[in-house]
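Remarks on the structure that follows.
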Amino acid sequence: MLALGAGCGGSTDPSGGVQDAQISFTPAQQGQQIALGEQMTFAVVLSEADTAAVNWERGGFTVGQALSYDYVPDHLGLDTLRVFARAGDVARNYYWVITVGPGSTTLPPPVTGISAEAGPEAGEVLVSWARVTPTTYPIDEYVVAVSFDGPISAANWDAATELGRVPYRAGAVRPQDVYGAADGMIPGAAVWFAVRAVDTLDQLSPIVGNGYTVVTTGWWLSGTVLDDTDAELPGIVVSLVDPVRSTNTDLNGRFRIGPLRSIDRVVLRTTSSSENGFGWYDYTSAELDSVSGRDLVVRLIKRHELDDACNGYSQQFLTFLREMSITEYVATDPQSSVLHVWDDFPLRVHIPDVVVGEVDFGAAMRFAMAYWDSVMGESYFVETTDPAQAQLQCRFDESISGVYGRVSLLQPGGGTLGSVPLEKLQVFILSTIGTEKFARTVSLHELGHTLGLYNHVACGGGEYLMFEGLAGDTLDRLDPINPNERQAVQCLRRLPTGTDMRRYAIAN
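Structure representation (structure tokens):
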């Protein structure tokens, strides 16, 4: 729309007034461009008069009444400058539409140190950057944009998606904001972020770098809590420390915690009853990730009560178990607490047929195998005729003096019982034992060693099969294999070989 003269014509003023005054304006072109920090002069030009009444307006306010006006931009975008001039009987209105662009010397400084990393929750991204220091004009806010197609530059800024604006705070050394699903983050997607400072004139800072990351996906830690009797344990508290999460197992002992971030490495802990005879020793896992943390079997050790005849082990079944399986921690040996037991059952046993006098040693060993299976209620041993396939190789002779029996490691070589993974053991029984009953007792004892009871019981006496001084009346007792020994063997069968026994705690 062009400005039109509000009036035209002239007359002779008897008192010496202006005659035929002509009014024009500069610049004549009504569309003008200017950059912030620059200045432009607009003027009223009189051809037949020396003076005129002039009124300059900007944003609805009068800003001047002289024949010229020095325009200094104060914001980006479109602005309008209007002028009204009257000289004598001639009056005219005029206006200019001014496009204000950023000035090369007044732009906010570029935002540097842009970082994009996993946010606090799965599928979130935390974007942070270094605070800028205002230069020509105060900083008002930061604008954050994202691209899923590659780095953001000034050339493709308009194609990026603006995520939001963060107010400028002088005290915030490293401003930040978190973006998630509601902001369009796509789990598993590669994303680039640009941040620009915006000053009070709406000028955007240059782009000198991007933050890059891959949006995390979510996963759930899950599993079942069982004890050493295979009972499913409901109501056990299962918790994580970092990030902090917790839940309780359901009626089937199941638990599920999440969602966690795909980058998270977490440690699981249980909290349960600590009452002897009814509670459990709690467990702390190794570090778990999105692969190892799925469908876990968390095995708690029951707080079995020790036999009244045993006044050792601080009355703690866990201490008894550690000593019997030689997994007590020794500071000078970090591997000392690692459990080495069989990972599959039944064990294949090769038994040579040896009869000395009235003692059938093969029959005594077969009795001992059947007895263990019977009292445990599950199969621990099976005979094989192939020595090469045997995990336990029996030997009945006089080659080892000073003992009735001994279990030694055949494979792998160079280790000791309980300190290395098991491949093949030898079960030696002295062939000069005079009675088959005692041969059965010795066989029972030595098979106990093969099942993970590598040590001898350090309390009581004849109440325990694994007491170092074997009693001749062991098989005459109501429980030749003490309940504590059976509980330990049952537990060792269910604990994975390689378990670090320090992960179980005496106190909750």
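For the sequence shown, the working numbering assigns the number 163 to the initial residue and increments by one for each residue that follows.
Ideal Cβ placement from N, Cα and C applies to all residues, glycine included.
If you run the structure through DSSP and keep just helix, strand and coil, what is N644?
In the structure shown, N644 adopts coil according to DSSP, grouped into three states.
Within 9 Å, strictly: CB atoms of A659 and L501
The identity of residue 659 in the sequence shown is Thr, whereas the question assumes Ala. Yes; because the gap between Cβ atoms is below 9 Å, this pair is in contact.
Buried or exposed: where does G580 fall if 16 or more other Cβ atoms within 10 Å of its Cβ makes it buried?
Looking at its Cβ environment, which holds 16 or more other Cβ atoms inside 10 Å, G580 is buried.
Note down, in chain order, each residue of its chain lying with its Cβ closer than 7 Å to the Cβ of A168, except the 5 sequence neighbours on either side.
Note that A168 has pLDDT 36, beneath the 50 cutoff, so the model's placement of it is unreliable and no number is given.
Whole runs of the beta strand (DSSP E) within the region 233-314, excluding any shorter than 3 residues
With a minimum length of 3 residues, the continuous beta strand (DSSP E) runs that stay inside the region 233-314 are 239-249, 252-263, 277-280, 287-290 and 301-309.
How is the alpha helix (DSSP H) around D559 delimited, first residue to last?
Per DSSP, D559 is not a residue of any alpha helix (DSSP H); the beta strand (DSSP E) it occupies stretches across L554 to D559.
Alpha carbon to alpha carbon, how far is R423 from V453? Give it in angstroms, no decimals.
Going by the C-alpha atoms only, they are around 12 Å apart.
Between V234, N217, Y233 and D236, which has its C-alpha nearest Q227's C-alpha?
If we check each option's Cα against that of Q227, N217 comes out closest.
How many Å lie between I419 and Q338 at the Cα?
Straight-line Cα distance between these residues: approximately 28 Å.
Exposure label - E485; buried when at least 16 CB within 10 Å
For E485, the number of other beta carbons within 10 angstroms of its own is at least 16, and it is reported as buried.
Output the distance between the C-alpha atoms of G275 and P235, rounded to the nearest integer angstrom.
Each residue's alpha carbon lies about 31 Å from the other.
Tell me where the alpha helix (DSSP H) around S605 begins and ends.
Run containing S605: E598 to T612, per the alpha helix (DSSP H) assignment.
Jot down the residue ranges of each uninterrupted beta strand (DSSP E) in the region 473-535, minimum 3 residues, whole runs only, in chain order.
Counting only runs of 3 or more residues that sit fully inside the region 473-535, the beta strand (DSSP E) segments are 509-512, in chain order.
Given F558, which residues of its chain have a CB within under 7 Å of its CB, disregarding the five upstream and five downstream residues?
So the list reads P514, V516, F523, I591 and S593, once near-sequence residues are dropped.
Given that a residue counts as buried once 16 or more other Cβ atoms are within 10 Å of its Cβ, and exposed if not, what is N644?
Burial check for N644: the Cβ neighbour count within 10 Å reaches 16 or more, so the residue is buried.
Opening and closing residue of the beta strand (DSSP E) in which V207 lies
Where V207 is concerned, the enclosing beta strand (DSSP E) stretches over M202 to L208.
Which word fits E576, buried or exposed, when buried means at least 16 other C-beta atoms lie within 10 angstroms of its C-beta?
Residue identity check: residue 576 is Gly in the sequence provided, not Glu. Result: exposed.
By Cβ distance below 8 Å, which residues in the same chain neighbour G623 in space, the five residues on each side in sequence not counted?
Within the same chain, G623 has close Cβ partners A471, F629, G631 and A633.
Touch check for the region 256-265 and the region 318-329: three-plus C-beta pairs under 8 Å?
The region 256-265 is not in contact with the region 318-329.
Tell me whether P694 sits in a helix, a strand or coil according to DSSP, three-state version.
Any answer about residue 694 is impossible in this case: the structure gives the chain only from 163 up to 670.
Taking the beta strand (DSSP E) that P329 belongs to, which residues open and close that run?
Run containing P329: T323 to P329, per the beta strand (DSSP E) assignment.
Once the 5 residues before and after P313 are set aside, which same chain residues still bring their CB inside 6 Å of it?
In the same chain as P313, and ignoring 5 residues on each side of it, the C-beta atoms closer than 6 Å to its own belong to W354 and N372, in chain order.
Where A550 sits in the DSSP three-state scheme:
The answer is helix: DSSP assigns A550 an H, G or I state.
Is G564 near the ligand HEM, with its Cβ less than 8 Å from a heavy atom?
As presented, the structure is devoid of all ligands, the ligand HEM included, so that no description of it is given.
By DSSP, does Q573 sit in helix, in strand, or in coil?
Residue state, collapsed to three classes: strand.
Can you tell me the Cα-Cα spacing of T378 and V428, whole angstroms?
Between T378 and V428, the C-alpha separation is close to 15 Å.
Which stretch, first to last residue, makes up the beta strand (DSSP E) that contains F590?
Looking at the DSSP string, the run of the beta strand (DSSP E) that includes F590 is K586 to L592.
Excluding sequence positions up to five away, which residues of its chain have a Cβ less than 6 Å from the Cβ of T636?
The residues are T603 and P642.
Can you tell me which of V651, P189 and L229 puts its alpha carbon nearest to the alpha carbon of L208?
Of the candidates V651, P189 and L229, the residue whose Cα lies closest to the Cα of L208 is L229.
Considering only their Cβ atoms, is the gap separating D469 from Y626 smaller than 9 Å?
Less than 9 Å divides the Cβ of Y626 from the Cβ of D469.
Using the Cβ count rule (16 or more neighbours within 10 Å means buried), how would you classify P549?
Exposed is the label assigned to P549, since fewer than 16 other Cβ atoms lie within 10 Å of its Cβ.
Given S173, which residues of its chain have a CB within under 7 Å of its CB, disregarding the five upstream and five downstream residues?
Interpretation of S173 is limited by its pLDDT of 35, a score under 50 that renders its predicted location unreliable; the figure taken from the coordinates is listed afterwards. Cβ neighbours of S173 beyond the five flanking positions: D251.
Out of L554, E467, G455 and A667, state which residue places its alpha-carbon closest to the alpha-carbon of N438.
Closest by alpha carbon: E467.
Please return the same chain residues whose Cβ sits closer than 6 Å to the Cβ of P272, not counting the five positions on each side in sequence.
In chain order, S367, P368 and V370 place their CB closer than 6 Å to the CB of P272, counting only its own chain and leaving out the 5 sequence neighbours on each side.
Check each candidate in R648, T362, W382 and V308 and name the one with the smallest Cα separation from G673.
Residue 673 falls outside the range modelled here, since the chain spans only 163 to 670, and no answer is possible.
Which class does T636 belong to by DSSP, given the choice of helix, strand or coil?
DSSP places T636 within a helical segment (H, G or I) once states are collapsed to three.
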